[in-house]
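**Q** If you read the sequences in order, they're chains A and B. At position 170 of the first sequence the residue is numbered 212 (my numbering), and the sequence of numbers has no breaks. At position 102 of the second sequence the residue is numbered 144 (my numbering), and the sequence of numbers has no breaks. Sending over a structure as structure tokens; questions will come in a sec.
There are 2 protein chains.
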Amino acid sequence: MTVSKTASATAAVDAAKPSRAGRKEPAEGSVDEAALQLGELSELLGYSLKRAQLRVFEDFLRCVAPLQLTPAQFSVLLLLDKNPGRNQTEIANTLGILRPNFVAMLDGLESRDLCTRIRSTNDRRSHILMLTDKGRAVLARAKKLVATKHEARLNELLGPANRAALLDMLATIAREF
Amino acid sequence: MTVSKTASATAAVDAAKPSRAGRKEPAEGSVDEAALQLGELSELLGYSLKRAQLRVFEDFLRCVAPLQLTPAQFSVLLLLDKNPGRNQTEIANTLGILRPNFVAMLDGLESRDLCTRIRSTNDRRSHILMLTDKGRAVLARAKKLVATKHEARLNELLGPANRAALLDMLATIAREF
DNA sequence: GATATTCGGTATGGTGCATAACAATTATCA
DNA sequence: TGATAATTGTTATGCACCATACCGAATATC
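Listed below in structure tokens is the structure:
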């Protein structure tokens, strides 16, 4: 598997987005003006990791804006579709969401008629979660938007092979670090 | 540049940490028990990106716990060291921190005597930021901890070449996406 | 059948992030 | 010069996310 250089590995990382949008063109006389030195910050993996994550989420929100879905909501719908008949605890645990915080989230999805809570007959404590027809329809449209607008842009930026390698390494970190 | 496989690129991602810690060994009879199907979630870059970021920050906090520094605080100290004589707006902008939110953060660092605000004589509106001696000492110790414990672990997990490729791609996303 | 555990839920607090507004100071320019 | 606009640090405020403790109902354990 080969990874082509997407940028000089030691290139000075650009300034933040606010600074990026608001800074003036570097005047000829200014030496230490404009961009600051990031120094060791550009070698700190967590720094670029967080910056990249913010950008990706930002783009996700924009791409799927017509459907008004956050990344977290999208992940819930995906999980419900692939794992029908599960209860709140199982879904929340899989996504790393604490059960108390999952309640309001489900309230939101259910009030929009995207999913339903059904009292289990086996265990009347638990709520079985199901996608509604509308939920399935919205999920289908969301998947299409994500694939054609969001992920497609990432593919374009990195190239398919790099994108796969990146995903693989991130999954490795999430799993084994 | 070559990237060795750190894991099967299409391997089903493991369950979340809570589920991971709390789930029982898969009983022989249970078919649809235990791990849920992540489905398209494992192909969603933003999902692994966020998961990996949480893990990395978690490890950072643990590694640098003796010094009681968050990733954000560490990044501020690094920037102040490499860019002496800058004011709050410049530092905050570079790090993507909004000026109002930077105030409390600086209050914390200043109350611990890690940095100082100095009224600029050129522009008496602005505060020049400087590391104190203690700030420089803490930063030096933090750098050492991060390098020998935190980043070293990542190097061990991914390998130096993969780690560099990962950093490069993340910086590319943060810069150009 | 008594006790412990699990499930969904409520309440609550901490933290990060975003916007509006303000006094002091400086820049702009008629 | 003097009126107006812009900038700097700051406060206040609200929202979203995250974490913990706790509760009643239901189930599991023994």
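In this text, a Cβ means the ideal position worked out from N, Cα and C, and glycines have one as well.
Taking all protein chains shown into account, decide if B:Asp123 is buried (16 or more other Cβ within 10 angstroms of its Cβ) or exposed.
**A** buried
**Q** Below 7 Å between beta carbons: does that hold for B:Val188 and B:Leu156?
**A** no
**Q** What whole-angstrom Cβ distance do A:Ala184 and A:Phe116 have, given they're in contact under 8 Å?
**A** 6 Å
**Q** Judging by CA-CA distance, which residue of A:Ala114, A:Gly81, A:Pro126 is the nearest neighbour of A:Thr174?
**A** A:Pro126
**Q** For a contact meaning CB atoms closer than 8 Å, what does B:Arg128 contact in chain A?
**A** Leu78
**Q** Exposed or buried, what is A:Leu87 when buried is set at 16 or more other beta-carbons lying within 10 Å of its beta-carbon?
**A** buried
**Q** From A:Ser90 to B:Leu91, what distance separates their C-alpha atoms?
**A** 11 Å
**Q** DSSP beta-bridge partners for A:Cys157?
**A** A:Leu173
**Q** Using the beta-carbon of each residue, which ones in chain A are nearer than 7 Å to B:Asp101?
**A** Phe219
**Q** I'd like to know whether the C-beta atoms of A:Glu82 and B:Leu120 end up nearer to each other than 7 Å.
**A** yes
**Q** Assuming A:Ser162 and A:Asn129 are in contact, meaning their beta carbons sit under 8 Å apart, how far apart are those beta carbons, in whole angstroms?
**A** 7 Å
**Q** Can you give me the C-alpha to C-alpha distance between B:Leu111 and B:Phe144, rounded to a whole angstrom?
**A** 15 Å
**Q** Would A:Gln110 count as contacting chain B if we go by Cβ distances under 7 Å?
**A** no
**Q** How would you write the range of the alpha helix (DSSP H) that B:Gln130 sits in, first residue to last?
**A** 130-137
**Q** Report the neighbours of A:Lys124 on chain B: residues whose CB is nearer than 9 Å to its CB, in chain order.
**A** Leu78, Gln79, Leu80, Gly81, Glu82, Leu83
**Q** Is the separation between the beta-carbon of A:Ala94 and that of B:Ala216 shorter than 7 Å?
**A** Going by C-beta atoms, A:Ala94 is nearer than 7 Å to B:Ala216.
**Q** Consult DSSP for A:Pro126 and reduce its assignment to one of helix, strand or coil.
**A** Residue state, collapsed to three classes: coil.
**Q** For B:Leu209 and B:Ala182, I'd like the C-alpha separation in whole angstroms.
**A** Rounded to the nearest angstrom, the gap between the Cα atoms of B:Leu209 and B:Ala182 is 23 Å.
**Q** Are B:Leu199 and A:Phe102 close, meaning C-beta to C-beta below 7 Å?
**A** no
**Q** By a C-beta neighbour count over all protein chains shown, 10 Å radius and 16 as the cutoff for buried, is B:Arg167 buried or exposed?
**A** The residue in question, B:Arg167, is exposed, as its Cβ has fewer than 16 Cβ neighbours within 10 Å.
**Q** Using three-state DSSP, classify B:Asn164 as helix, strand or coil.
**A** coil
**Q** So is A:Thr190 buried or exposed if we call it buried at 16+ other beta carbons inside 10 Å?
**A** exposed
**Q** Looking only at C-alpha atoms, which of A:Thr136, A:Ala194, A:Leu78, A:Glu132 sits nearest to A:Cys105?
**A** It is A:Ala194 whose Cα lies nearest to the Cα of A:Cys105.
**Q** From B:Gly201, B:Asn204, B:Met211, pick the residue whose C-alpha is nearest to that of A:Gly201; which is it?
**A** B:Met211
**Q** For A:Ser90, decide whether its Cβ has a neighbour in chain B, counting only Cβ atoms nearer than 7 Å.
**A** yes
**Q** Cα separation between B:Leu151 and B:Arg141?
**A** Their backbone Cα atoms lie some 15 Å apart in a straight line.
**Q** Who are the near neighbours of A:Thr158 in its chain, counting only those whose CB is closer than 7 Å to its CB and skipping five residues on each side?
**A** Excluding positions up to five away in sequence, the list reads Glu152, Met172, Thr174.
**Q** Under 8 Å between beta-carbons, which chain A residues line up against B:Arg104? List them in chain order, please.
**A** The contacting residues do not exist; B:Arg104 stays about 11 Å from chain A at best.
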